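Colleague: Residue numbers (my numbering): 37 to 591.
Once you've had a glance at the structure underneath, I'll fire off some questions.
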């Protein structure tokens, strides 16, 4: 390093003059920026409308946020071991994610599943898989999030809870049962017309399930809208909130048009957000989101119940802020993002493990992520005071800007006829592509410094993180799991399987409001993820196999 380089670094300064999302910021904020903000009307106290400062009066003094690391290892048994390990080390809730075949509704023995089984989550083919995953976990005491887009997960969970003798009132579970397009449009709708047609049919099923769970399982949340995947495309904080709210508002409109009281359904709605590393923008985002949600529910939908007006959400620290290069420094990125989530008032948090850009987290990395949350809760002081950044000239000004920008996008989408129409028009795609191009260009031109990627780099051959911490999938275990599935299919009672699938097919075709009961019967009969998802596709006029390889096996 030259003398000039050393000197230039001594005098280096902050170059970025805008937030992560591109909102310009000033060097100094004064009372002038907040002089027109009325505290009682625009801010309010924590636990009071419009909930800008948090949905509970005492926030974390009343109860800490749920600490739930997302978990999905190559097999159900390994996933169970990891879940129990994390619970024994202080995790307060669990979050299970499936592998790619599970998420698209095919079995592990599908020809196109080769190489994907157990790679980014746990393979879930049968109720027995769910039994292995949840073995020894008291479902009446542990809050569970099922990030499993498969028809087998939730009914299996309910049946296993019954086996444990857990009363329906004691079950605490969240699962994203919202249909494609209305659930997480950017990552799921795929730009294909049949997605829209299927979503329309599935909306009725979703409403039926929402009513079913509201009556039978009061602490189960199946209306979870996923904004995390939206943010992972590179869009900013404003788009993340506005797009997912537009989805939720469209769903609520359809539900209330069916005659369902908004104060019956809205308390069951929750969200999954992302949190990036720009601490102040993220805090302002969550504060603004609570206000936009509360005011829209009250003024547009006529909600009166405070539980309807209070925005409930889980947060994952952003995946796109985690880098493969010098992976251990991701610990710092995740910690700062987690701090932003807590300062912003989250009710639930998952901190990404530092090695996630490389592979499924190691036990050591997962433990470190849990410890990050525990230090944040008990050592930093961040949990001691509700909305500790409230009143900051900068934070209040930025919150106000974000509120306005979120509302502007919501107005634009409404003018286009709603979120589904906005997607059809190509508006969402264009905005997403523009945002990702802008982000990548900023990184490549060093307008946006990413440590270890475009500045403060080291040669790849010297980067020990990739070699040392790479958690490789044990393909022998995965192959044994696939063989076990094949044997399971051979020894089950095929007559019972056929009948359960045919009943589910008819229920789907007829839009039977008791669809949950048919799914439960399929689980008990030994039907698989691929079979249940396949007949449900058939029930809405689509091929049995989404990849066009397999035929319905019971013709």
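Backbone N, C-alpha and C define an ideal beta-carbon position, used for all residues, glycine too.
Quantities reported herein were computed from a predicted structural model and do not represent experimental measurements.
Give the list of continuous beta strand (DSSP E) stretches no shorter than 3 residues that lie fully inside the region 468–532.
Modeller: None, since the region 468–532 contains no complete beta strand (DSSP E) of that length.
Colleague: Is the distance from the Cβ of residue 54 to the Cβ of residue 433 below 8 angstroms?
Modeller: The count along the chain shown starts at 1 and reaches residue 54 at position 18. The count along the chain shown starts at 1 and reaches residue 433 at position 397. No; because the gap between Cβ atoms is not below 8 angstroms, this pair is not in contact.
Colleague: Using DSSP with H/G/I as helix, E/B as strand and the rest coil, what is residue 129?
Modeller: The residue given as residue 129 occupies position 93 in the chain shown. Strand at residue 129.
Colleague: Assuming residue 311 and residue 377 are in contact, meaning their beta carbons sit under 8 angstroms apart, how far apart are those beta carbons, in whole angstroms?
Modeller: Reading the chain shown from its first residue, position 275 is the one you call residue 311. Reading the chain shown from its first residue, position 341 is the one you call residue 377. Contact flag correct, Cβ pair sits at about 4 angstroms.
Colleague: Alpha carbon to alpha carbon, how far is residue 264 from residue 566? Give it in angstroms, no decimals.
Modeller: As a working mapping, residue 566 is identified with position 530 in the chain shown. As a working mapping, residue 264 is identified with position 228 in the chain shown. Each residue's alpha carbon lies about 26 angstroms from the other.
Colleague: Under the three-state reduction of DSSP, which class applies to residue 198: helix, strand or coil?
Modeller: Your numbering for residue 198 matches position 162 in the chain shown. Looking at residue 198 - three-state DSSP - the assignment turns out to be helix.
Colleague: What residue from 364, 167 and 172 has the CA that sits closest to residue 191's CA?
Modeller: Indexing the chain shown from 1 puts residue 191 at position 155. Taking only the C-alpha atoms, the option nearest residue 191 is 167.
Colleague: Tell me whether residue 615 is buried or exposed, calling it buried when 16 or more other Cβ atoms sit within 10 Å of its Cβ.
Modeller: The requested residue 615 does not occur in the structure, where the chain is confined to residues 37 to 591.
Colleague: List the endpoints of the continuous beta strand (DSSP E) containing residue 185.
Modeller: Working through the chain shown from its first residue, we reach residue 185 at position 149. Taken as a continuous stretch (DSSP letters only), residue 185 belongs to no beta strand (DSSP E), as it is neither H nor E.
Colleague: Using beta-carbon positions only, say whether residue 492 and residue 270 come within less than 8 angstroms of one another.
Modeller: Here residue 492 is taken as the residue at index 456 of the chain shown, counted from 1. Here residue 270 is taken as the residue at index 234 of the chain shown, counted from 1. No, the Cβ-Cβ distance between residue 492 and residue 270 is not below 8 angstroms.
Colleague: Determine, using beta carbons only, whether residue 111 and residue 133 come nearer to each other than 8 angstroms.
Modeller: For the purposes of this step, residue 111 is taken as residue 75 along the chain shown, with counting starting at 1. For the purposes of this step, residue 133 is taken as residue 97 along the chain shown, with counting starting at 1. No. Outside cutoff.
Colleague: I'd like the span of the beta strand (DSSP E) that includes residue 414, first residue to last.
Modeller: For the purposes of this step, residue 414 is taken as residue 378 along the chain shown, with counting starting at 1. Counting along the chain, residue 414 falls outside any beta strand (DSSP E), though it belongs to the alpha helix (DSSP H) covering 399–414.
Colleague: Going by C-alpha distance, which of 465, 66, 152 and 348 is nearest residue 88?
Modeller: Here residue 88 refers to the residue found at position 52 when the chain shown is read from its first residue. Selected option, being the one with the closest Cα: 348.
Colleague: Cα separation between residue 519 and residue 469?
Modeller: Stepping through the chain shown from its first residue, residue 519 is reached at position 483. Stepping through the chain shown from its first residue, residue 469 is reached at position 433. Approximately 42 angstroms between the Cα atoms of the pair.
Colleague: When the distance is taken between beta carbons, is residue 482 closer than 8 angstroms to residue 490?
Modeller: Sequence index remark: in the chain shown, residue 490 carries index 454 (1-based). Sequence index remark: in the chain shown, residue 482 carries index 446 (1-based). Contact: yes.
Colleague: Could you tell me the boundaries of the beta strand (DSSP E) in which residue 443 lies?
Modeller: For the purposes of this step, residue 443 is taken as residue 407 along the chain shown, with counting starting at 1. Note, residue 443: premise wrong, no beta strand (DSSP E); alpha helix (DSSP H) at 429–451.
Colleague: Rounded to the nearest angstrom, what separates residue 47 and residue 440 at their Cα positions?
Modeller: Mapped onto the chain shown, residue 47 falls at position 11. Mapped onto the chain shown, residue 440 falls at position 404. Distance between the alpha carbons of residue 47 and residue 440: 37 angstroms.
Colleague: If you run the structure through DSSP and keep just helix, strand and coil, what is residue 217?
Modeller: Residue mapping note: residue 217 aligns to position 181 of the chain shown, counting from 1. With a pLDDT of only 41 at residue 217, under 50, the local geometry of the prediction cannot be trusted, and no value is derived from it.
Colleague: How big is the Cα-Cα spacing for residue 286 and residue 479?
Modeller: Here residue 286 refers to the residue found at position 250 of the chain shown. Here residue 479 refers to the residue found at position 443 of the chain shown. Using only the alpha carbons, I get a separation of about 35 angstroms.
Colleague: What alpha helix (DSSP H) runs, 4 residues minimum, are completely inside the region 288–372?
Modeller: Whole alpha helix (DSSP H) segments, 4+ residues: 298–301, 315–335 and 342–345.
Colleague: Identify the continuous alpha helix (DSSP H) that holds residue 265 and give its terminal residues.
Modeller: To locate residue 265, count along the chain shown from 1; it is residue 229. Here the alpha helix (DSSP H) through residue 265 covers 264–267.
Colleague: Select from 150, 130 and 203 the residue whose C-alpha is nearest the C-alpha of residue 184.
Modeller: Counting from 1 along the chain shown, the entry for residue 184 is found at position 148. It is 130 whose Cα lies nearest to the Cα of residue 184.
Colleague: Residue 60 by DSSP, collapsed to three states: which one?
Modeller: For the purposes of this step, residue 60 is taken as residue 24 along the chain shown, with counting starting at 1. In this structure, residue 60 counts as strand in the three-state DSSP scheme.
Colleague: Tell me the rounded alpha-carbon separation between residue 678 and residue 398.
Modeller: Outside the shown range of the chain, which is 37 to 591, sits residue 678, and nothing can be said about it.
Colleague: Quick one: what's got a C-beta closer than 6 angstroms to residue 257's C-beta in the same chain, skipping five residues either side?
Modeller: Here residue 257 refers to the residue found at position 221 of the chain shown. Within the same chain, residue 257 has close Cβ partners 210, 304 and 306.
Colleague: Is residue 92 helix, strand or coil by DSSP?
Modeller: One-based indexing of the chain shown puts residue 92 at position 56. Reduced to three states, the DSSP call for residue 92 is coil.
Colleague: Do residue 436 and residue 73 count as a contact pair if the criterion is CB distance below 8 angstroms?
Modeller: To locate residue 73, count along the chain shown from 1; it is residue 37. To locate residue 436, count along the chain shown from 1; it is residue 400. The answer is yes: Cβ separation under 8 angstroms.
Colleague: Taking the Cβ atom as the reference point for each residue, do residue 568 and residue 212 lie within a distance shorter than 8 angstroms?
Modeller: By 1-based counting over the chain shown, the position of residue 568 is 532. By 1-based counting over the chain shown, the position of residue 212 is 176. Cβ distance not < 8 angstroms, so residue 568 and residue 212 don't count as in contact.
Colleague: I need the boundaries of the alpha helix (DSSP H) containing residue 119, first residue and last residue.
Modeller: Walking along the chain shown from the start, residue 119 turns up at place 83. Its alpha helix (DSSP H) spans residues 112–124.
Colleague: Would you report the Cα separation of residue 291 and residue 239, rounded to the nearest angstrom?
Modeller: Counting from one through the chain shown, the residue named residue 291 turns up at place 255. Counting from one through the chain shown, the residue named residue 239 turns up at place 203. Computed Cα separation, rounded: 9 angstroms.
Colleague: Secondary structure at residue 388, three-state DSSP: helix, strand or coil?
Modeller: Residue mapping note: residue 388 aligns to position 352 of the chain shown, counting from 1. Reduced to three states, the DSSP call for residue 388 is coil.
Colleague: Using a Cβ-Cβ cut-off of 7 angstroms (strictly less than) and excluding sequence neighbours within five positions of residue 145, which residues of its own chain qualify?
Modeller: Here residue 145 is taken as the residue at index 109 of the chain shown, counted from 1. Once the five neighbours on either side are set aside, the close Cβ partners of residue 145 are 518, 521 and 522.
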